[in-house]
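Protein chains in written order, with our numbering: chain A, 753 to 975; chain B, 244 to 523; chain C, 34 to 253; chain D, 35 to 290. To start, the structure itself, in structure tokens.
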Amino acid sequence: MVSVVYILYGIGALAIWSLLYRENIFYRCAEYFYVGFYGAHLLVLGWESALSIAWTPVTRGEYLWGGIFILALGFILFFYSKTRAFYMIPISLIVALGTALGMRGAIHAQLLGQIGGSMSSLIKATFMDSFNTTLITVGSFCTLSYFIFTRQIKGPIYVIPRIGRIFIMVTVGAAYANTGTGRLANYSGILLNLWQTDAVYIIPVALAFILFDIIWRKTKKNI
Amino acid sequence: MSLKKISGLDARYLYLILLILSSIPILMPLGLPLAPSALTRSAYDFIENLPPGSVVILDAQHSTGYGPELGTQFAALMKHLLSRPLKVVIVALGAEGPMLVDMTFKGSTLSGSPINPDAYGKVYGEDYIFVGYIAGGETAIAAFARNSWITEVDGEQKKPLSEFPIMEYCKTVDDWSLAISVSGGNFEQMVAQWYSAYGTPIIFGAPGVSAPRLYPYIGAGQVVAMLVSLTGAAEYELLIRKPGLAASLMDVLNLAQLLIVASIVIGNIIYFATRQGGRA
Amino acid sequence: MIGDEIVPELRMRDIALLITFTLGFFMVFEYFLVWPEVNSAATNFTRVCTALAGLSAIVGVGNLTRTHSKNVIRRGSNWIPSMLLLISLWIPLIIGLFLTRKDPTYVYLYNNLYTPVSQAFFALLGFYILSGAFRTFRAKSTDSIFLLITAALVFMGNSPVTGSIWPGFQAIKVWIMDNANSAGYRGVIMGVAIGTIVTSLRILIGRETGYLAERRARAE
Amino acid sequence: MVAVVTGRMTVFAFLLLFLVILVYLVIIQGERRKKFFPIRRLPAMDASEEAVGRAVEMGRPIHYTPGTAVLTRMEAPQTLAALSILGYVAGLAARNGARIITTCQMPEVFPMVFEVVREAFIAEDKLDMFVEEDMIFLPQLKAAAGLMQREKVAANFLIGAFWHESLVLAEAGAAAGAINIGGVATMHQLPFLVACCDYCLIGEELFAASAYITKDPVMTSTIAGQDYIKFITLALIILGTLLSTLGLPQLRNLFG
Numbered sequence: 753m754v755s756v757v758y759i760l761y762g763i764g765a766l767a768i769w770s771l772l773y774r775e776n777i778f779y780r781c782a783e784y785f786y787v788g789f790y791g792a793h794l795l796v797l798g799w800e801s802a803l804s805i806a807w808t809p810v811t812r813g814e815y816l817w818g819g820i821f822i823l824a825l826g827f828i829l830f831f832y833s834k835t836r837a838f839y840m841i842p843i844s845l846i847v848a849l850g851t852a853l854g855m856r857g858a859i860h861a862q863l864l865g866q867i868g869g870s871m872s873s874l875i876k877a878t879f880m881d882s883f884n885t886t887l888i889t890v891g892s893f894c895t896l897s898y899f900i901f902t903r904q905i906k907g908p909i910y911v912i913p914r915i916g917r918i919f920i921m922v923t924v925g926a927a928y929a930n931t932g933t934g935r936l937a938n939y940s941g942i943l944l945n946l947w948q949t950d951a952v953y954i955i956p957v958a959l960a961f962i963l964f965d966i967i968w969r970k971t972k973k974n975i
Numbered sequence: 244m245s246l247k248k249i250s251g252l253d254a255r256y257l258y259l260i261l262l263i264l265s266s267i268p269i270l271m272p273l274g275l276p277l278a279p280s281a282l283t284r285s286a287y288d289f290i291e292n293l294p295p296g297s298v299v300i301l302d303a304q305h306s307t308g309y310g311p312e313l314g315t316q317f318a319a320l321m322k323h324l325l326s327r328p329l330k331v332v333i334v335a336l337g338a339e340g341p342m343l344v345d346m347t348f349k350g351s352t353l354s355g356s357p358i359n360p361d362a363y364g365k366v367y368g369e370d371y372i373f374v375g376y377i378a379g380g381e382t383a384i385a386a387f388a389r390n391s392w393i394t395e396v397d398g399e400q401k402k403p404l405s406e407f408p409i410m411e412y413c414k415t416v417d418d419w420s421l422a423i424s425v426s427g428g429n430f431e432q433m434v435a436q437w438y439s440a441y442g443t444p445i446i447f448g449a450p451g452v453s454a455p456r457l458y459p460y461i462g463a464g465q466v467v468a469m470l471v472s473l474t475g476a477a478e479y480e481l482l483i484r485k486p487g488l489a490a491s492l493m494d495v496l497n498l499a500q501l502l503i504v505a506s507i508v509i510g511n512i513i514y515f516a517t518r519q520g521g522r523a
Numbered sequence: 034m035i036g037d038e039i040v041p042e043l044r045m046r047d048i049a050l051l052i053t054f055t056l057g058f059f060m061v062f063e064y065f066l067v068w069p070e071v072n073s074a075a076t077n078f079t080r081v082c083t084a085l086a087g088l089s090a091i092v093g094v095g096n097l098t099r100t101h102s103k104n105v106i107r108r109g110s111n112w113i114p115s116m117l118l119l120i121s122l123w124i125p126l127i128i129g130l131f132l133t134r135k136d137p138t139y140v141y142l143y144n145n146l147y148t149p150v151s152q153a154f155f156a157l158l159g160f161y162i163l164s165g166a167f168r169t170f171r172a173k174s175t176d177s178i179f180l181l182i183t184a185a186l187v188f189m190g191n192s193p194v195t196g197s198i199w200p201g202f203q204a205i206k207v208w209i210m211d212n213a214n215s216a217g218y219r220g221v222i223m224g225v226a227i228g229t230i231v232t233s234l235r236i237l238i239g240r241e242t243g244y245l246a247e248r249r250a251r252a253e
Numbered sequence: 035m036v037a038v039v040t041g042r043m044t045v046f047a048f049l050l051l052f053l054v055i056l057v058y059l060v061i062i063q064g065e066r067r068k069k070f071f072p073i074r075r076l077p078a079m080d081a082s083e084e085a086v087g088r089a090v091e092m093g094r095p096i097h098y099t100p101g102t103a104v105l106t107r108m109e110a111p112q113t114l115a116a117l118s119i120l121g122y123v124a125g126l127a128a129r130n131g132a133r134i135i136t137t138c139q140m141p142e143v144f145p146m147v148f149e150v151v152r153e154a155f156i157a158e159d160k161l162d163m164f165v166e167e168d169m170i171f172l173p174q175l176k177a178a179a180g181l182m183q184r185e186k187v188a189a190n191f192l193i194g195a196f197w198h199e200s201l202v203l204a205e206a207g208a209a210a211g212a213i214n215i216g217g218v219a220t221m222h223q224l225p226f227l228v229a230c231c232d233y234c235l236i237g238e239e240l241f242a243a244s245a246y247i248t249k250d251p252v253m254t255s256t257i258a259g260q261d262y263i264k265f266i267t268l269a270l271i272i273l274g275t276l277l278s279t280l281g282l283p284q285l286r287n288l289f290g
């Protein structure tokens, strides 16, 4: 008995993958469904978090939170529908939080942590370790100097940001490939499901549509 | 055709080549040569050298979230244990364990083809048993070591453990010859509760993301060996000469990555050819 | 509309900047204090903002409904997919809000309709990694030569079959990821951190207001 | 009981350093000097004018998206910087009469995107050309991949904080035959946008872009402030490495 679950799996997956051939009605329906469903999911999650943060405490008798919940609901509904000027008020709260979090994280974890990491001793147990540590320290030094914006660096010193840019390219190449392998493993998992489950019945259907489309477009071009 | 047209056109031909190239190993596993890493080989050798009748614990502590990465490790280890004259006690210390053990026997997209113990001539209750799920994380790890009958009822037929002859050989951790755990975490707890406390040899099945923090345990001799990610599972499948899901997924990964390297090389050859043509 | 005259708009914008200034610096300096009342106030403020941001999904759903229902009524382009969007928006929304996410129909829709599409989108990356590499890894300059050689080496190191040809590939890949990669990575992170801090300060003291869409003088 | 988190004193000292440099430069220097600090060339921003021109010639729309970081996350400053650049690009589009499609994944940011583009059209007296339907809310930004090919966009701006959707959007833009202009500061997506976009703002360049565009004396002086802090950081790295090599790790321990 053909399982509906895997047929739906095949239809959904191949409809999205048909974008690789060209944008078409099957892909568009899958995309519109995807946007619609996740729009609902986003609000369901948002509603759930708002309930647990603000409304459930009311049921435990802490009435302050009920007020904040209604206020939050009112803020969004009232201010957004009014005008740009009013909507700035709820936004200024959220921007204040995001900016403060961004700053705290950036100073402590990113900047100071990385500076500390770049200060290790260049003399290590083995020659290879010393070479690697020197490479990392010099590399991060040059890379950071690439981001100097207001000083036009001329003359021999220019080699430092130039080397910095090369280190950036090495990092980009390495990270592209390393993350790429993970994405390919993902892709092969989906392809495996398509071949080894009842979803396989959708493959010939998809191929038929594509071939028909190629022939139809070729004949239309010749007429 | 100008280079722009070539690269525009080629993207779809590339996708077609990738689809065909990666579908071949799925339909018929090629079993591309895979140099088994030392870690995988030492796990295989340890199990091969276990004296007949040894009690081996196989713990399912992974989850569906890891997909085939851990599911195939669990299946490969189970096939090997069932093909050896050993007493295999399967336990689930992870919440999704019971479902995953069932899926491994019945076959699934996470673990590969079904495993039929009868084909290995093994009898449930005498040669292998599933003692069910024990909740509690570290406390469960410690409790199961102190008393392997802690669930009192087996996970498959829900009958008292006393009715199964195999359990006579597995009362506490002292009876264990080896503890294998396929898991996404709790590694430090298992080393503490099983190896440090009782000296039980341990083999881990770990995802790629956890491997780096486990190498020190192997270096210190607290853990015998480890299977790492899909690669480890594929290598183990080739060692037990039963290429399955992991091997075919590895073939897909190998071919896809070699295709990318080839396309980088060809892309540059086209680039230099047209640039020479353009300049000449 | 009320906001369009100049006077209220200036007042509202200044109030907004004042709120951002006071609450922003309060949240920054709270990080350095062990002061129970202040710390709990900061946690509560974070919870309120999370609730606000969560609820703003109402705005999103409102926009989706308005745009696509207008498209259906007008029989504009793609009105059939728009109808499908409205159906796949409102049916799960009603189930999700009133019967919660644990309801079997919601779980069925999520697992059997949404997840395959979402995973397929994610798996598109497998194809795009290939076409991206083919299209852009061209040895046009010294930079791109370093880029494509490093990427090729790491790809080779990641596919075990090359291990049986020459075990050195794995060793090279491990060395690149541990050393060459972390050198550039650390430099860029420090740059991003400094940029984030100064941009955040510009926003808090009200100098960076591009996000509030202040009317930009016509660039002569 | 009021106390200070001792572990974070170096962080506090660095924060004060930032404030002092910024206040001195912005308030005192920035206001007084009418001329702006020259910022080195940002190819991605110079290319945006050319990309908009190309879109007008081909009669095809521009696509802009300010990334996928909600404002309650650590990456909020990246989204806000992306909105400033959106104002500039929308201004270019309005002035040259190009159609700009803006997609946004974050519900609380969507009204801001709507207003930034609307305000840019008002500033160019082209409010009649502003199309509300082109401001599109997409709960999942990956869905813009199909949109770009349907509309055959000629220029594709991917500026802000991205996660795994960056490569899908970059390659979909390339498939639609668009010029890809990227700008990203989330480290894990830097490889994909730097590799697959024709021009890309790398890391901190995303933050310097809004000052580079406006050429406003105060804004560019804060960029100069960033450079002062970089010089201090570079000096610290040299000093710390020397001390550690000589066996005095005190400075290094200060930084954790």
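Even glycine gets a Cβ: it sits at the ideal position worked out from N, Cα and C.
Pick helix, strand or coil for residue i, following the three-state DSSP scheme.
i	result
B/Ala468	strand
C/Leu126	helix
B/His305	coil
B/Ile333	strand
If we cut at 9 Å on Cβ distances, does residue i have a partner in chain A?
i	result
C/Ile227	yes
B/Leu275	no
C/Asn72	no
C/Arg99	no
B/Gly251	Bear in mind that the predicted position of B/Gly251 carries a pLDDT of just 48, short of 50, making it unreliable; the figure below should be weighed with that in mind. B/Gly251 does not count as touching chain A.
D/Met108	yes
C/Leu122	yes
Please report how far the alpha carbon of residue i lies from the alpha carbon of residue j, in whole angstroms.
i	j	result
C/Phe170	C/Ile182	9 Å
C/Ile209	B/Val416	43 Å
D/Pro100	B/Ser266	37 Å
C/Ile48	D/Thr254	26 Å
D/Leu227	B/Lys330	54 Å
B/Phe373	C/Met60	53 Å
A/Asp965	D/Glu109	44 Å
B/Leu488	B/Phe348	14 Å
So that I know if they touch, is there some Cβ in chain D lying closer than 9 Å to that of residue i?
i	result
C/Tyr139	no
C/Ile52	no
A/Phe879	no
Let me confirm a value: residue i is counted as buried when at least 16 other C-beta atoms fall within 10 Å, else exposed. Which label applies?
i	result
A/Thr811	exposed
With a threshold of 9 Å between beta-carbons, can residue i be considered close to chain C, or not?
i	result
A/Glu800	yes
B/Tyr258	yes
A/Glu783	yes
D/Ile73	no
Does any C-beta atom of chain B lie closer than 9 Å to the C-beta of residue i?
i	result
C/Leu158	no
C/Asn212	no
C/Arg107	no
Counting only C-beta atoms, is residue i closer than 9 Å to chain G at any point?
i	result
C/Thr76	Within the model displayed, chain G is absent; protein chains A, B, C and D are what it includes.
Between the region 246-265 of chain D and the region 226-237 of chain C, are three or more C-beta pairs nearer than 8 Å? yes
Within 8 Å, do at least three Cβ pairs link the region 189-199 of chain D to the region 157-165 of chain D? no
Touching by the beta-carbon criterion (3+ pairs, under 8 Å), the region 160-168 of chain C and the region 194-208 of chain D: yes
Three or more C-beta pairs below 8 Å linking the region 916-925 of chain A and the region 237-248 of chain C: Between the region 916-925 of chain A and the region 237-248 of chain C there are fewer than three inter-stretch CB-CB distances shorter than 8 Å, so the stretches are not counted as touching.
Three-pair Cβ contact test at 8 Å for the region 256-273 of chain B versus the region 303-320 of chain B: no
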